[in-house]
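Since the structure comes first, as structure tokens, the remarks are kept for the end.
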Amino acid sequence: MAVQRTFSIIKPDATKRNLTGKIIAKFEDAGLRVVASKRIQMSQAQAEGFYAVHKERPFFGELVEFMISEPVVVQVLEGEDAIAKNREVMGATNPADAAEGTIRKDFALSIGENSVHGSDAPETAAEEIKYFSSDDELVG
Ligand code: CMP
Numbered sequence: 001m002a003v004q005r006t007f008s009i010i011k012p013d014a015t016k017r018n019l020t021g022k023i024i025a026k027f028e029d030a031g032l033r034v035v036a037s038k039r040i041q042m043s044q045a046q047a048e049g050f051y052a053v054h055k056e057r058p059f060f061g062e063l064v065e066f067m068i069s070e071p072v073v074v075q076v077l078e079g080e081d082a083i084a085k086n087r088e089v090m091g092a093t094n095p096a097d098a099a100e101g102t103i104r105k106d107f108a109l110s111i112g113e114n115s116v117h118g119s120d121a122p123e124t125a126a127e128e129i130k131y132f133s134s135d136d137e138l139v140g
């Protein structure tokens with residue numbers, strides 16, 4: 001597998017509880033490098049656009065409200081097989097199903113307040129990176 005880039009968000013439940021460093025340590029311990037990072041307050045329009053694929057889902061409103069409730073940290077992670085590796089480090093979407101040692105097992109509060117987002121495929125990774133980062137922010 002080649003070196004890839006993937007997009008990550010440290011979500012409001014985690015920034016609120018001061019877990020940013022502990023979460024980044026899990027990425028780095030897994031061999032993922034943070035090549036771009038910024039703490040932002042997401043706007044409603046940004047959150048609705050980012051999660052547009054879920055707009056017909058019953059939890060869409062709740063998801064958008066949650067994502068704008070506190071600052072988030074948006075990052076680009078790079079490494080060998082980074083998309084799959086990040087998903088492994090995050091654990092299952094629902095923390096009740098997440099494996100031991102994963103971010104969601106250790107930190108997530110619920111399926112909604114699940115501490116992190118990570119891209120699920122190369123196409124979405126490219127789109128999500130572009131959505132939040134300009135080329136000059138990807139500093140390696
Ligand atoms: P994420 O990887 O950010 O992508 C979509 C998000 O929707 C997902 O993580 C969850 O946080 C959220 N989500 C999925 N299912 C539910 C649900 N049943 N209730 C609330 N939020 C959900």
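Note that this note's numbering has the sequence shown beginning at 1, numbered continuously upward.
Here a beta-carbon is modelled for each residue, glycine too, at the ideal position from N, C-alpha and C.
Since this is a predicted model, take the numbers as computed values, not measurements.
Looking at residue j and residue i, is the spacing between their C-beta atoms short of 8 Å?
{"i": "residue 11", "j": "residue 116", "result": "yes"}
{"i": "residue 35", "j": "residue 118", "result": "no"}
{"i": "residue 40", "j": "residue 72", "result": "yes"}
{"i": "residue 30", "j": "residue 107", "result": "no"}
What residue range is occupied by the uninterrupted alpha helix (DSSP H) comprising residue i?
{"i": "residue 102", "result": "Run containing residue 102: none; DSSP gives neither H nor E here."}
{"i": "residue 14", "result": "12–16"}
Out of the options, which has the shortest C-alpha to C-alpha gap to residue i?
{"i": "residue 33", "options": "105, 17 and 6", "result": "6"}
{"i": "residue 16", "options": "80, 127, 49 and 66", "result": "66"}
{"i": "residue 4", "options": "59, 93 and 120", "result": "120"}
{"i": "residue 91", "options": "133, 136 and 110", "result": "110"}
{"i": "residue 96", "options": "81, 114, 138 and 24", "result": "114"}
{"i": "residue 136", "options": "38, 1 and 24", "result": "38"}
{"i": "residue 9", "options": "79, 57 and 70", "result": "70"}
Could you spell out where the beta strand (DSSP E) holding residue i opens and where it closes?
{"i": "residue 129", "result": "Not the beta strand (DSSP E): residue 129 falls in the alpha helix (DSSP H), residues 122–132."}
{"i": "residue 116", "result": "116–118"}
Given residue i, which residues of its chain have a CB within under 8 Å of its CB, disregarding the five upstream and five downstream residues?
{"i": "residue 18", "result": "none"}
{"i": "residue 166", "result": "Past the boundaries of the shown model lies residue 166; the chain is included only from 1 to 140, so the question cannot be answered."}
{"i": "residue 59", "result": "112"}
Excluding sequence positions up to five away, which residues of its chain have a Cβ less than 6 Å from the Cβ of residue i?
{"i": "residue 68", "result": "42, 44 and 47"}
{"i": "residue 125", "result": "6, 7, 83 and 119"}
{"i": "residue 98", "result": "91, 92, 104 and 105"}
CB-CB under 7 Å to residue i, same chain, minus the five flanking residues each way: which ones, in chain order?
{"i": "residue 26", "result": "89 and 103"}
{"i": "residue 63", "result": "51, 54 and 112"}
{"i": "residue 129", "result": "5, 7 and 76"}
For chain B, is any of its Cβ atoms less than 8 Å away from the one on residue i?
{"i": "residue 114", "result": "In the displayed structure, chain B is absent; only one protein chain is listed."}
Ignoring anything shorter than 3 residues or poking outside the stretch 18–94, list the beta strand (DSSP E) runs there in chain order. 33–40 and 72–80
Measuring from each Cβ to the nearest heavy atom of ligand 2, keep the ones under 6 Å and list them in chain order. As presented, the structure is devoid of ligand 2, carrying ligand 1 as its sole ligands.
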